[in-house]
Amino acid sequence: MPQTPPPPDRRLRSAQISKACDSCKIRKIHCSGYPPPCQGCSVDQYHNAKLAICSPRDDLLIDRVLFGSSSTDIPNTEERFSLKGIGLLSGTHSVTFFSDSRLETLSAKLQNNKINDLIRRISAIINNKAKTTSSTSPENVPKQALPSLDQATAAKYIMTYYEQVHRLFPHLDRESFDSTISSGNLGSIIISDTAFSALYHAVLALGCLHEGGGSFEPGKGKAWELFSVALSEVPNLAKARNSLVALQAIATVAVYALGLQCLSIEQRVMCEMARMAQDLAPVLSKSPSAKIFYRIFWTIYAIEKTASFHFGRASAIVDSNIIIPMPPIPESNFGAFNWTLHMARHCRLLSRAMNTLFCPGVCHREPHYFLITIDQLVEDLEQWRRCVPEDFRPEHLNPWRRSANAAVSIWVNYLYYSFKLILLRSRLQITSHQGGDMTKGTHRDQLIGVSRSILEMVTYVDVEPSTPLWIIAGIPACATFVLFDHVISNPMSPDTRSNLALLDIAGGHFARIEFASGGSLPGSLLSEFTYIAREYINQCVARDLLKGSSYVDPTISQGESAMDAIEAVGELQPTNQDVEHEASSTTLGAAQAEVLNTTSYMDPIYMPIETLWDNGNDPLYGIDVMNIFNSIM
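Sequential numbering of the sequence shown, starting at 694, is according to the numbering used here.
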């Protein structure tokens, strides 16, 4: 046995402390120790970060398809859903604002098929108007002799263009354009330079359009005669020698194509314009004319993004590729209001909404993702509104109706209200499937308030061929559908009387379109929604009064008696036509007859969320917002 060393030779041994990190201890590997992180952990963090970059998760559906570990990562048809935006028209130019299930619910409440028949009639008309003809297709427009136009008339049209169009769409290099047309050889330039010929005649066409020379029908009117010259040159613009003039020409053609009369060619023009702008950007942005190109590009950006969003299709302009600065454009300023800048900012919000909410690739996302995204977009939209000067600001009391810039104010208000309507409606689509959300009533009231605001301004919209489709018809139609659904779903609401009055105003607006178009656009069909709503409310009033109910008709003032109400409803006995119609409506089934005249969050304007993208073989299927007469929800 070893001897114990003497006390002086003893050394006190302290407990050894391991310097290895917990991660290395668990994995039982060598650890380089302090300071953290050790070499092993650093290598692992690098590999994990690299893996995260190479295989992003929960981004788009394509990432699950390509990087998912198994087929279970891809949601099936039942698990997918999409938000439809305004969803006014589908790619087949059919009214899609109301879903099939919502149409069934409305028909059950009405106990007839009137709304289904009305939607079919409207869709048939829109489909017919959307067909491309020999007079509208750029490839089929025949080369014709240049329209005869005296110098004084041409000068008047150009001046009208500068006054009415150029401030809203300031893409034209006015100095260069004026110097060219004032040269002594304009005739030879038009013959030899196809790009300038297209630009010149597009400017004349827009000036003529604002001077009353246009028509709601394609192929008719002096303005279309001038426009057809520019339209025939569109296929050749990409090969033009002067690319800067060619880009101005296609942008001017696109401005004309915003009208109702160009429904059949609008998308092709927008796609060609977006393609040219992006293809020419690397060269023109570094050329001596870069500042001119900047203003052309941002005008194109605003036109294309707004049109694509309201038609419910994916934008052809890729935002992530844009590195172009916003130049000062003083001619587009309305006092302190920088129209071009605010328009571009709004379009950026529209683009974000399309990419994060209304594209098929996010169908696998959880409802929480959509709610957060919608709330962020609403917050950004409100910030955009607050940045607008008071004279033009939406939801601000200002005398814009009497101002010289009334048209601009209406555009700004409609841009704001239409986007807010879409976001609120989308939010209610999601929360209608969730319980315990105390904000449903608030968002529903906001949606109705936005729809009412749109229809309150509709009488100030210019019913002219020069007014963009989404201003004159698309946005008012969406507000009409929302308010109609609200009236049918909430017949006992205290605001039913005023809502019916607003539906009458909307019907009058669309009747004005029919009158102005000479009957070629039967806009009065939309006034039938008001008739259906009034008929339904009258039936509810009569039924409850005859039952001795304590129900108070929201459409009757407090000074009217119950007998007055019965007289206002009219003769309650059905006519022969009513009997025949009721007999033809028995196919709705007994279940429809049991639908109550009350509503819940599972049964209004914002229902339901549809199964995603069951588009069959339709290559054009999308979130059509401007296809005004297709389906609903």
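A virtual CB, placed ideally from N, CA and C, is assigned to each residue, including glycine. Note that the structure is predicted; figures quoted are calculated from it, not measured.
Am I right that residue i and residue j are in contact with their C-beta atoms under 8 Å? What's the rounded C-beta distance?
i: Phe-1030; j: Pro-1082; result: 5 Å
i: Val-922; j: Phe-862; result: So it is not a contact: roughly 20 Å between Cβ atoms.
i: Arg-1038; j: Trp-1077; result: 6 Å
i: Ser-1044; j: Ser-1008; result: 6 Å
i: Ile-1022; j: Arg-988; result: 5 Å
i: Met-966; j: Ala-931; result: Not really, about 11 Å apart at Cβ, beyond 8 Å.
i: Ile-996; j: Gln-971; result: Not confirmed; about 14 Å, so no contact.
i: Leu-754; j: His-1003; result: About 25 Å; that fails the 8 Å criterion.
i: Leu-1148; j: Ala-1172; result: 5 Å
i: Leu-1196; j: Thr-1223; result: 4 Å
i: Val-976; j: His-903; result: No, Val-976 and His-903 are not in contact; Cβ-Cβ is about 33 Å, not under 8 Å.
i: Ser-908; j: Pro-1158; result: 6 Å
i: Lys-1113; j: Leu-1074; result: 6 Å
i: Leu-811; j: Leu-1116; result: With 8 Å as the limit, Leu-811 and Leu-1116 do not qualify as a contact, their Cβ atoms being about 27 Å apart.
i: Ala-942; j: Leu-973; result: Not quite, the Cβ-Cβ distance comes to about 12 Å (not below 8 Å), so this is no contact.
i: Cys-1123; j: Leu-1034; result: It should be noted that the sequence gives Ile, not Cys, for residue 1123. In fact, because the Cβ distance is near 32 Å, the residues do not count as touching under 8 Å.
i: Arg-1120; j: Ile-1067; result: 5 Å
i: Met-963; j: Ser-1001; result: 7 Å
Should residue i be labelled buried (16 or more other beta-carbon atoms within 10 Å of its own) or exposed?
i: Leu-1239; result: exposed
i: Val-1143; result: buried
i: Pro-1169; result: buried
i: Pro-1018; result: exposed
i: Glu-959; result: buried
i: Asn-1014; result: exposed
i: Ile-1165; result: buried
i: Ala-848; result: exposed
i: Pro-1161; result: buried
i: Glu-1275; result: The pLDDT assigned to Glu-1275 is 44, lower than 50, so where the model puts this residue is not dependable, and the model offers no usable value.
i: His-1061; result: exposed
i: Leu-759; result: exposed
i: Gln-1069; result: exposed
i: Phe-1085; result: buried
i: Cys-1080; result: exposed
i: Phe-1208; result: exposed
i: Asp-1178; result: buried
i: Leu-839; result: exposed
i: Met-662; result: An answer regarding residue 662 cannot be provided, because it is not within the stretch 694 to 1326 covered by the chain.
i: Thr-1189; result: buried
i: Pro-1267; result: Per-residue confidence for Pro-1267 stands at a pLDDT of 44, beneath the threshold of 50, marking its modelled position as unreliable; the derived number appears in the next sentence. So Pro-1267 ends up on the exposed side.
i: Asn-821; result: exposed
i: Gly-1211; result: exposed
i: Ser-1220; result: buried
i: Gly-905; result: exposed
i: Ser-875; result: exposed
i: Ser-1111; result: buried
i: Ile-1206; result: buried
i: Gly-1167; result: buried
i: Glu-868; result: exposed
i: Ile-815; result: buried
i: Gly-1005; result: buried
i: Ile-993; result: buried
i: Ile-1230; result: buried
Sort out for me which residues DSSP pairs residue i with in a bridge.
i: Pro-1106; result: Before going on, a small fix: residue 1106 reads as Asn here, not Pro. Paired residues: none, contrary to the question.
i: Asn-1026; result: Asn-1031
I'd like to know if residue i contacts chain D, where contact means its C-beta is closer than 8 Å to some C-beta of that chain.
i: Pro-1018; result: Among the chains in the structure shown there is no chain D, since it carries only a single protein chain.
3 or more residues per run - each beta strand (DSSP E) lying fully within the stretch 1175-1201
none
Within the chosen definition, does the stretch 898-914 reach the stretch 954-973 through at least 3 CB pairs nearer than 8 Å?
yes
For the stretch 845-929, list the alpha helix (DSSP H) runs that are entirely contained and at least 4 residues long, ordered along the chain.
867-874, 879-885, 887-901 and 915-925
Is the stretch 1200-1209 close to the stretch 893-902, with three or more CB pairs under 8 Å?
no
Taking 8 Å as the threshold, find out whether the stretch 876-893 comes into contact with the stretch 1171-1184 through three or more Cβ pairs.
no
Pair every Cβ in the stretch 976-987 with every Cβ in the stretch 936-943, then say whether three or more of these pairs are closer than 8 Å.
yes
For the stretch 849-864 against the stretch 883-891, do three or more pairs of beta-carbon atoms, one drawn from each stretch, fall closer than 8 Å, so that the two count as touching?
no
Within 8 Å, do at least three Cβ pairs link the stretch 792-810 to the stretch 839-849?
no
Does the pairing of the stretch 1046-1063 with the stretch 1095-1110 give three or more beta-carbon distances under 8 Å?
no
Would you mind listing the alpha helix (DSSP H) stretches within the stretch 958-982 that are 4+ residues and don't spill past its ends, in chain order?
959-977
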